[in-house]
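J.: Chains as they are written, first to last, in this note's numbering: chain D, 2 to 376; chain B, 2 to 376.
Number of protein chains: 2
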Amino acid sequence: MTAPGEAARPKPARRPTIKDIARRAGVSESAVSFALNDRPGVSQDTRARVRRVAEELGWQANSAARALSGERAGALGLVLARPAQTLGVESFFLQLVSGIQEVLSARKIALLFQVVEDLGTECALYRRWWAERRVDGVLVVDPRTEDPRPQLLTALGLPAVVIGGPAAPAAVAPHPDAAAPAAPPPDAAAQPPLATVWADDAKAMARILDHLYGLGHRRIVHVAGLPGLAHTERRIRSLRTEAALRGLDARHVRSVTTDYSDAEGAEATRRLLDAARPPTAIIYDNDVMAVAGTAVAAGRGIPVPAALSIVAWDDSALCRVTHPRLTALVRDTPGFGRLAAQELLAVLDGGPHRTVQGELPHLEARESTGPCPHD
Amino acid sequence: MTAPGEAARPKPARRPTIKDIARRAGVSESAVSFALNDRPGVSQDTRARVRRVAEELGWQANSAARALSGERAGALGLVLARPAQTLGVESFFLQLVSGIQEVLSARKIALLFQVVEDLGTECALYRRWWAERRVDGVLVVDPRTEDPRPQLLTALGLPAVVIGGPAAPAAVAPHPDAAAPAAPPPDAAAQPPLATVWADDAKAMARILDHLYGLGHRRIVHVAGLPGLAHTERRIRSLRTEAALRGLDARHVRSVTTDYSDAEGAEATRRLLDAARPPTAIIYDNDVMAVAGTAVAAGRGIPVPAALSIVAWDDSALCRVTHPRLTALVRDTPGFGRLAAQELLAVLDGGPHRTVQGELPHLEARESTGPCPHD
DNA sequence: TCCTCGGACTTAACCGCATTAGTGCGCTCA
DNA sequence: TGAGCGCACTAATGCGGTTAAGTCCGAGGA
């Protein structure tokens, strides 16, 4: 009656429990529990013996049982809300996840990773995870200016760390360089106090502008990503501020927004190059658009960097396979993930909701940026 | 005594349990369990009432409790063994994961996704997940010719589906077109009978060769990926078979292996173009190498496709941002993920270990392939 | 009329671990 | 000398479900 291929299925080996350990070590189950969890109540001798037996048996705590009694699921969640099409050309997320897991796996904490279509589904998923007690906390990515998630998570009491927030870091920790009185946006105070790790986009933008300004560029356009995202707005604001600091004309140094796709990146580039006075330098908010923009320039016979300089915000293999190779802003993304994971663990351990800052990115100058051409 | 930012932390709302439902519905806890799990033993009336109350309370089963008693973790695992550097330029994985989750989330099954450095760590992780009963099964990616994972998983009794295996589909389901007596490799029989979803790389390769052969190309090199991977070997074998079928010279139609990186893809391309009789067409095993190869050609002033045709195995935004846009083999990767997830669920439900085949990819002809130049 | 049968529930046991409340024992000290 | 104490350990309970084993009751058959 068994289907082909089913016949040989072996009976799964029974996994050892603390009861097995208790029997072999000649103690009670609770003594085993004490011994294995570093709690007082057992002698050094017994503790060592129990540990040895557990080792021999290859015992690992049943995560469900531990979760049920210990009130900890031993898992964290990360949801990525992205339409399926736009998925995966960026290296950012896998690297972030990789960094996060480096921290988690050392503490035997699992990561539930889920890709969903939109923000609504993401919120529904948080509710479900919360109700099912699947996770002890979540890492929130792609914070937005109008974001329902912090409020939801606060209401649920689900510990969280926002990666890439807050919308206005200046309001939390005033940027020493930001002499210009950049008024904190009205929603800054309204944000529930979730723990946050953030990157100093203002300083990063300053570095890019230093580089381009130093090369003589005065007409610089920033091809940004999705307008709703917090870091997009932050970068746009930073560009304005930094341009003003250098006395640059706001009509020639400005941002345009896209959906991060190669198609919109290319389209934006075409429009920019069609203008009466096209920019001499373009900053793209991700690697994919930068490559697409470079291809557009190549298609029109516009030499890079002789006639147009290009900078990619975020490095990846892509930036090295184009011709010429792209000058890019290099971030330690796995490091950022590690930082976020550590913060979340700290919150779970009862720590305060802090706002910590990731390492500053640096600009890797390659062949796509050069001196500004003379008109 | 509370740290700043901690003061406002709300007491988490208590999540409802079946006990709450039982009280409100005026029945016992087990009646609730029966009602909510579609088991006989309660009247239609009671069932409806219990359901309504559960709905009102927003009840969701505590996954830990269910796992503990029901022997099902309600989660599956997927491990990606990749060195951190090579992470994330391919769109394949996120799309695969997205497809998998489409199937899983409908059944409220979570996915544990983990990125590790190597195969040894991956195996250790399977052991841990098994011992901790974290997952009910796993999806195995990147099968290799010498792969310790199937044996381990079989020994553990951890249900699994291999994505992209087996090494020799011909041995399982003879390819009708494969008239050439391609001897099944020795390890084919040694493979434990894990469930498998696979793509017909032989047919895909045939399509690519049809295209290139039809354009007159007779010197074709396949820049393959990592030599240890099953699908790499399969594609290499397919190229040989298909070349022989068309009477092509094995010295001019051959494969070289790389590590999938842009660097090795570019390096391989340089070597090929340096040869006395360089190929007139190159097939790259992923999009990143194809783009890198195109850049090398551009750097040497070799026009594509006038002097060199290029095909990418796997499509992505990358193939559309180069100049010219790359002819690519388009696969329905999310669909492949859905298929794999369905197979694993079938196995968990006691089904047989089948070997099912994914949809055939098609070749999207773009501007990077053209008629073979005359020598 | 009595007994049986089965549907609709309830009770109780259990999953594997953490944790709290004992228990027995040797030692100290009034 | 016996109350008091601390230590090492055991017994018992609970987490929130599932499930096997009753219990109750009304309908149907002999």
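Cβ coordinates follow ideal geometry from the N, Cα and C atoms, glycine included.
The alpha helix (DSSP H) with B/I101 in it runs from where to where?
T.: Run containing B/I101: F93 to A107, per the alpha helix (DSSP H) assignment.
J.: Looking only at its chain, what residues have a beta carbon closer than 6 angstroms to the beta carbon of B/F114, apart from the 5 residues adjacent to it on each side?
T.: L79
J.: So who's on the other strand from D/W199, going by DSSP bridges?
T.: Answer is D/Q358, bridged to D/W199.
J.: Grab me the residues of D/R235's own chain with a C-beta within less than 6 angstroms of its C-beta, minus the 5 sequence neighbours each way, in chain order.
T.: D202
J.: Just to confirm before moving on: does the CB-CB distance between B/I311 and B/L327 stay below 8 angstroms?
T.: yes
J.: Start and end of the alpha helix (DSSP H) containing B/T122?
T.: L120 to E133
J.: Are the C-beta atoms of B/Q61 and some chain D residue less than 8 angstroms apart?
T.: yes
J.: Would you mind reading off the limits of the beta strand (DSSP E) that contains B/H223?
T.: I221 to A225
J.: Does the contact criterion of 3 or more C-beta pairs under 8 angstroms hold for the segment 136-156 of chain D versus the segment 338-357 of chain D?
T.: Counting Cβ pairs under 8 angstroms, three or more are found: they touch.
J.: When you check each C-beta in the segment 322-344 of chain B against every C-beta of chain D, which residues fall closer than 7 angstroms?
T.: V322, T323, H324 and P335
J.: In chain order, what residues of the same chain lie with their CB nearer than 6 angstroms to the CB of B/L154, ignoring the 5 residues before and after it?
T.: A161
J.: Assuming D/V51 contacts D/A36 under a Cβ cut-off of 8 angstroms, what Cβ separation, rounded to an integer in Å, is found between them?
T.: 4 angstroms
J.: Considering only their Cβ atoms, is the gap separating D/T146 from D/G229 smaller than 8 angstroms?
T.: For D/G229 and D/T146, yes; Cβs fall inside 8 angstroms.
J.: Mapping DSSP to helix, strand and coil, what is D/H212?
T.: Three-state DSSP puts D/H212 in a helix.
J.: Please list, in chain order, the chain D residues whose beta carbon lies closer than 8 angstroms to that of B/V116.
T.: In chain order: L95, V98, S99 and Q102.
J.: Which bits of chain D does B/V292 rub up against, with CB to CB less than 7 angstroms?
T.: V322
J.: Within 10 angstroms of the Cβ of B/A49, are there 16 or more other Cβ atoms? Answer buried if so, exposed if not.
T.: exposed
J.: Could you spell out the range, first to last residue, of the alpha helix (DSSP H) harbouring B/L69?
T.: Per DSSP, B/L69 is one residue of the alpha helix (DSSP H) stretching across S64 to G71.
J.: Below 8 angstroms between beta carbons: does that hold for B/R220 and B/R278?
T.: Against a cut-off of 8 angstroms, the Cβ pair of B/R278 and B/R220 comes out as a contact.
J.: How close, in whole Å, do the beta carbons of D/T281 and D/C373 come, if the pair is a contact with beta carbons under 8 angstroms?
T.: 5 angstroms
J.: Could you pull out every residue in the same chain whose Cβ sits closer than 6 angstroms to the Cβ of B/V111, ignoring the five residues on either side in sequence?
T.: Position check: residue 111 of chain B holds Ala in this sequence, whereas Val was assumed. So the qualifying residues of the chain are A76.
J.: Name the two residues that bound the continuous alpha helix (DSSP H) containing D/L159.
T.: Per DSSP, D/L159 lies in no alpha helix (DSSP H) segment and is marked neither H nor E.
J.: According to the neighbour-count rule (16 or more other Cβ atoms, all chains shown, within 10 Å of its Cβ), is D/L361 buried or exposed?
T.: exposed
J.: Using DSSP with H/G/I as helix, E/B as strand and the rest coil, what is B/G300?
T.: helix
J.: Under 8 angstroms between the Cβ atoms of D/H232 and D/G165?
T.: yes
J.: In terms of alpha-carbon separation, which member of D/V257, D/S92, D/R16 and D/A23 lies closest to D/V289?
T.: D/S92
J.: Which of the residues in the segment 127-138 of chain D, read from start to end, lie with their CB under 7 angstroms from any CB of chain B?
T.: R129, A132, E133, R134 and R135
J.: Using the C-alpha atoms, what's the distance from B/A366 back to B/A180?
T.: Its pLDDT being 40, under 50, B/A180 is placed unreliably by the model, and nothing is read from it.
J.: DSSP three-state label for D/G294, please.
T.: helix
J.: Determine, using beta carbons only, whether D/P144 and D/V117 come nearer to each other than 8 angstroms.
T.: no
J.: B/R145 by DSSP, collapsed to three states: which one?
T.: strand
J.: I need the boundaries of the alpha helix (DSSP H) containing B/P366, first residue and last residue.
T.: The sequence given here places Ala at residue 366 of chain B; Pro does not occur at that position. First-last for B/A366: undefined, no H or E at that position.
J.: Kindly list, in the order they appear in chain D, the residues whose Cβ is closer than 7 angstroms to that of B/A68.
T.: A65
J.: Which of the three DSSP states, helix, strand or coil, is assigned to B/A74?
T.: coil
J.: Give me the Cα-Cα distance between D/R108 and D/H354, rounded to the nearest whole angstrom.
T.: 21 angstroms
J.: To the nearest angstrom, how far is the alpha carbon of B/Y127 from that of D/R40?
T.: Roughly 28 angstroms separates the two Cα atoms.
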